[in-house]
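Undergrad: I have a structure I would like to understand better, so I am pasting it below and will then ask my questions one at a time.
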Amino acid sequence: MPPKAPSSKRGKENAPPKVIATKISSGLEDDFDNMIEDEPVKAVKRGGRPPKSTKKERALSEMVADGAMDVEEQVQSRTSPNVIQALSKSTRNGDDLQRLQAKCEQLEKERDTFAKQFDELSSLRVSGAEALLVKFKESAEARAKAQTAVIQSQEALYEKQTAKVKSLEEALAASQEALARAEAAAAPPTFDAKLERMDQRALRDEVHKLRDVVKTKDGEIAALQREYQEEVAHSRKLQESAAHMRRSAEPPAKPIVNEVHSLSVRLYEELTGLDILDAQVRHDPKTGDERIYKCIQTTGGRNYTFRLCLRNEFDKGRKQWEKIVQIAPQDMDKETDRKLLKRLGPFREAFDIPREQLLAAYAQLTARMDPEGQFEEPE
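So the working numbering is basically just the index in the sequence shown, starting at one, shifted up by 10.
What follows is the structure, given as structure tokens:
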């Protein structure tokens, strides 16, 4: 409301102007501009007193002079409560809409972040342990296939050797039958006196011939028996080798405590050809632990079974403990390869060496087992 004008004795000209309520059609409008444009102030030439101002001019001058109401207060004073409530409600709806849009954008960002993290976790699902397990399984399968192939080849060779032994046995039996027939033929026949007088010299010559045949057959039989014994010994060796291969192909009974260590041992065995069949530890309160390994070295298609013992011995001359390694071959009496036995040299018997010379001794062993290996004979 505009401030009241001061009253005077003149009455109506000093009465406060009436506020005209106007309707707002579009936007926020007032009638002050219309009032000024509709009723412009006309200059009146009078002498003496200034011209009398109209009510609208006085109201406008008072409102401009006072400056108590700004445009928003005038609009609010001229606006109905329903319009104000509608405007405030639309404003609140706009704010809610903005908040919902901001929340929706935030949820979309979180969804994209979660989707990206899920993809990364899916791609990284195979951890280091799982990858190591997959490699170990592949290595085990490859090793099992190789061992299966070796076993099959050994079995085929064993069957071949068995067939050969069977043929030798049949040849030996045929030779024995021929010898029996020759002995029966060499027996002195009973002839008449006349026949004996007539063919005595011919019969003597026939006996000599049969004796020569018997000696030849005896030599053949002895050679066949020696060959038969060698084939039997070789077949036994093949059976033992196939049994060792089957045992090494079987999965370990105890669980693997450290897969990395087991894989390292397997890789070392494949690279060097050294298979460790068994390991034992003997506790001695005086000399400490004694470690014993049963090993098979495979080089150049040849096998060498030996026992490796690591122990401590006290050197009285140097007055200190030293680590000693003993290499003891196994089943040398069953070995039929004479060339291998000759090349093994000192490795045909057990001997002790210092621990620091073990690598050199192992290199010497592999060189002696290799048909094309070069080595130096000990002086």
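Every residue, glycine too, gets a C-beta built ideally from N, C-alpha and C.
Which of the three DSSP states, helix, strand or coil, is assigned to residue 360?
TA: Residue mapping note: residue 360 aligns to position 350 of the sequence shown, counting from 1. Here residue 360 carries a coil assignment [DSSP, helix/strand/coil].
Undergrad: If we ignore side chains and look at the alpha-carbon of each, how far apart do residue 119 and residue 140 end up?
TA: Numbered from 1 along the sequence shown, position 109 holds the residue referred to as residue 119. Numbered from 1 along the sequence shown, position 130 holds the residue referred to as residue 140. Answer to the nearest angstrom: the Cα atoms are 33 Å apart.
Undergrad: Between residue 346 and residue 243, which are expected to be in contact by the criterion C-beta below 8 Å, what is the C-beta distance as a whole number of angstroms?
TA: Along the sequence shown, read from residue 1 onward, the residue named residue 346 stands at position 336. Along the sequence shown, read from residue 1 onward, the residue named residue 243 stands at position 233. Confirmed, Cβ separation roughly 5 Å.
Undergrad: Since I believe residue 379 is in contact with residue 330 (beta carbons under 8 Å), could you give me their beta-carbon distance rounded to a whole number of angstroms?
TA: By 1-based counting over the sequence shown, the position of residue 330 is 320. By 1-based counting over the sequence shown, the position of residue 379 is 369. Contact doesn't hold; Cβ gap of about 35 Å is too wide.
Undergrad: Cα separation between residue 361 and residue 338?
TA: Translated into positions along the sequence shown, residue 361 becomes position 351. Translated into positions along the sequence shown, residue 338 becomes position 328. Roughly 7 Å between the two C-alpha positions.
Undergrad: Use the C-beta contact count for residue 284: other C-beta atoms within 10 angstroms, 16 or more gives buried, fewer gives exposed.
TA: Here residue 284 corresponds to residue number 274 of the sequence shown, with the count starting at 1. So residue 284 ends up on the buried side.
Undergrad: Would you check if the distance between the CB atom of residue 178 and the CB atom of residue 234 is smaller than 7 Å?
TA: Locating residue 178 in the sequence shown gives position 168, where the first residue counts as 1. Locating residue 234 in the sequence shown gives position 224, where the first residue counts as 1. In this structure, the beta-carbon distance from residue 178 to residue 234 falls below 7 Å.
Undergrad: Given a cut-off of 7 Å on the beta-carbon distance, is the pair residue 334 and residue 305 in contact?
TA: The residue given as residue 334 occupies position 324 in the sequence shown. The residue given as residue 305 occupies position 295 in the sequence shown. Contact flag unset, no.
Undergrad: Roughly how many whole angstroms lie between the Cα atoms of residue 123 and residue 131?
TA: For the purposes of this step, residue 123 is taken as the residue at position 113 of the sequence shown. For the purposes of this step, residue 131 is taken as the residue at position 121 of the sequence shown. Distance between the alpha carbons of residue 123 and residue 131 is about 12 Å.
Undergrad: Rank 317, 363, 169, 332 by C-alpha distance to the C-alpha of residue 342 and give the top, closest one.
TA: Translated into positions along the sequence shown, residue 342 becomes position 332. Ranking 317, 363, 169, 332 by Cα distance to residue 342 puts 317 first.
Undergrad: Would you kindly work out how many angstroms separate the C-alpha atoms of residue 371 and residue 354, rounded to a whole number?
TA: As a working note, residue 371 is residue 361 in the sequence shown. As a working note, residue 354 is residue 344 in the sequence shown. So the two alpha carbons sit approximately 12 Å from each other.
Undergrad: Using a Cβ-Cβ cutoff of less than 6 Å, which residues in the same chain neighbour residue 201 once the five nearest sequence positions on both sides are dropped?
TA: Within the sequence shown, numbered from 1, the residue matching residue 201 stands at position 191. With a pLDDT of 48 at residue 201, under the threshold of 50, the modelled position of that residue is not reliable, and no figure is offered here.
Undergrad: By the 10 Å Cβ neighbour count, where 16 or more other Cβ atoms means buried, how is residue 381 classified, buried or exposed?
TA: Within the sequence shown, numbered from 1, the residue matching residue 381 stands at position 371. With fewer than 16 Cβ atoms within 10 Å of its Cβ, residue 381 is classed as exposed.
Undergrad: Measure the alpha-carbon distance for residue 56 versus residue 104 and round it to whole angstroms.
TA: Counting from one through the sequence shown, the residue named residue 56 turns up at place 46. Counting from one through the sequence shown, the residue named residue 104 turns up at place 94. The predicted position of residue 56 is uncertain, since its pLDDT is 48 and thus under 50; a value taken from the coordinates is nonetheless stated next. About 60 Å.
Undergrad: Could you name each continuous beta strand (DSSP E) segment of 3 residues or more that falls completely within the stretch 298-324, going from the start of the chain to the end?
TA: 298-309
Undergrad: Less than 7 Å between the C-beta atoms of residue 320 and residue 301, yes or no?
TA: Locating residue 320 in the sequence shown gives position 310, where the first residue counts as 1. Locating residue 301 in the sequence shown gives position 291, where the first residue counts as 1. Result yes, Cβ atoms of residue 320 and residue 301 sit closer than 7 Å.
Undergrad: Shortest alpha-carbon distance to residue 290 belongs to which of 303, 181, 273, 247?
TA: Working through the sequence shown from its first residue, we reach residue 290 at position 280. Per the Cα distances, 303.
Undergrad: Tell me whether residue 357 is buried or exposed, calling it buried when 16 or more other Cβ atoms sit within 10 Å of its Cβ.
TA: The residue labelled residue 357 in the question sits at position 347 within the sequence shown. With 16 or more Cβ atoms within 10 Å of its Cβ, residue 357 is classed as buried.
Undergrad: For residue 375, count neighbouring C-beta atoms within 10 Å of its own C-beta (all shown protein chains included) and say buried if the count is 16 or more, exposed if not.
TA: On the sequence shown, residue 375 is found 365 positions in, with the first residue counted as 1. So residue 375 ends up on the buried side.
Undergrad: When the Cα atoms are used, what is the spatial distance from residue 114 to residue 108?
TA: Counted from its first residue, the sequence shown places residue 114 at position 104. Counted from its first residue, the sequence shown places residue 108 at position 98. Near 10 Å, if we compare the C-alpha coordinates of residue 108 and residue 114.
Undergrad: Span of the alpha helix (DSSP H) holding residue 420?
TA: With the chain represented from 11 up to 389, any question about residue 420 goes unanswered, as that position is not in the structure.
Undergrad: Please determine, among 219, 224, 172, 213, the residue with the shortest C-alpha to C-alpha distance to residue 187.
TA: The sequence position of residue 187 within the sequence shown is 177, counting from 1. Of 219, 224, 172, 213, the residue nearest in Cα terms is 224.
Undergrad: Rank 219, 149, 241 by C-alpha distance to the C-alpha of residue 170 and give the top, closest one.
TA: Working through the sequence shown from its first residue, we reach residue 170 at position 160. That would be 241, whose Cα lies nearest to the Cα of residue 170.
Undergrad: Once you ignore the five residues that flank residue 162 on each side, which residues in its own chain have a CB closer than 6 Å to its CB?
TA: Taking the first residue of the sequence shown as 1, we reach residue 162 at position 152. Setting aside the 5 residues that flank it on each side, residue 162 has no residue in the same chain whose C-beta is closer than 6 Å to its C-beta.
Undergrad: Using the Cα positions of residue 365 and residue 128, report the straight-line distance between them to the nearest angstrom.
TA: Counting from one through the sequence shown, the residue named residue 365 turns up at place 355. Counting from one through the sequence shown, the residue named residue 128 turns up at place 118. Near 55 Å, if we compare the C-alpha coordinates of residue 128 and residue 365.
Undergrad: Return the chain-ordered list of same chain residues with a C-beta closer than 8 Å to the C-beta of residue 344, the five sequence neighbours on each side being excluded.
TA: As a position in the sequence shown, residue 344 is number 334, starting the count at 1. Cβ within range, chain order: 243, 246, 247, 250.
Undergrad: Does residue 345 come out as helix, strand or coil in the three-state DSSP assignment?
TA: As a working mapping, residue 345 is identified with position 335 in the sequence shown. In this structure, DSSP gives residue 345 a state outside helix and strand, which the three-state scheme calls coil.
Undergrad: Residue 273 to residue 368, Cα distance in whole Å?
TA: Taking the sequence shown and counting its residues from 1, the one referred to as residue 273 is at position 263. Taking the sequence shown and counting its residues from 1, the one referred to as residue 368 is at position 358. Going from the Cα of residue 273 to the Cα of residue 368 covers about 23 Å.
Undergrad: Which one of 168, 298, 154 has the shortest CA to CA distance from residue 280?
TA: Taking the first residue of the sequence shown as position 1, residue 280 is located at position 270. Looking at the Cα atoms, 154 is the closest of the given residues.
Undergrad: Would you report the Cα separation of residue 150 and residue 312, rounded to the nearest angstrom?
TA: By 1-based counting over the sequence shown, the position of residue 150 is 140. By 1-based counting over the sequence shown, the position of residue 312 is 302. Those two C-alpha atoms are separated by around 23 Å.
Undergrad: With H, G and I counted as helix, E and B as strand and the rest as coil, what does DSSP make of residue 332?
TA: Start at 1 with the first residue of the sequence shown, and residue 332 comes out as number 322. In the structure shown, residue 332 sits in a strand (DSSP, three-state: E or B).
Undergrad: Would you call residue 236 buried or exposed, if buried means 16 or more other Cβ atoms sit within 10 Å of its Cβ?
TA: Translated into the one-based positions of the sequence shown, residue 236 becomes position 226. Counting Cβ neighbours within 10 Å, residue 236 comes out exposed, since fewer than 16 surround it.
Undergrad: Quick one: give me the first and last residue of the alpha helix (DSSP H) that residue 378 is part of.
TA: In the sequence shown, residue 378 corresponds to position 368, counting from 1. It spans 368-379 - the alpha helix (DSSP H) in which residue 378 sits, taken as one unbroken run.
Undergrad: Kindly identify the DSSP beta-bridge partner or partners of residue 337.
TA: Within the sequence shown, residue 337 is the residue found at index 327, counting from 1. For residue 337, which the question treats as bridged, DSSP gives the partners 318, 361.
Undergrad: Taking DSSP as the reference, what is the three-state secondary structure of residue 385?
TA: Walking along the sequence shown from the start, residue 385 turns up at place 375. In this structure, residue 385 counts as coil in the three-state DSSP scheme.
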